[in-house]
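**Q**
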Amino acid sequence: MLGVITEDSNPNNTEENNQRVIMFNSLFFYEQNFYIQIKSQE
């Protein structure tokens, strides 16, 4: 599963970890959408 916070993350950095997960997930979905658009144009 993508964008999951690992158990060994520092629990005090939850906010920072959440921001990393959100950035990673949006980047992943952006790439997926970009790929779909390219395929649909062919």
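Per numbering that gives the first Met the number 0, residue 0 is the first one in the sequence shown, and the count goes up by one each step. We treat Cβ as the ideally placed atom computed from N, Cα and C, and that holds for glycine.
Just the C-alpha distance for Glu30 and Ile37, rounded to the nearest angstrom, thanks.
**A** Whole-angstrom Cα-Cα distance: 11 Å.
**Q** From the DSSP output, in three-state form, read off Glu41 for me.
**A** Coil at Glu41, not helix or strand.
**Q** Helix, strand or coil: which one does DSSP assign to Asn24?
**A** Asn24 falls in the helix class under three-state DSSP.
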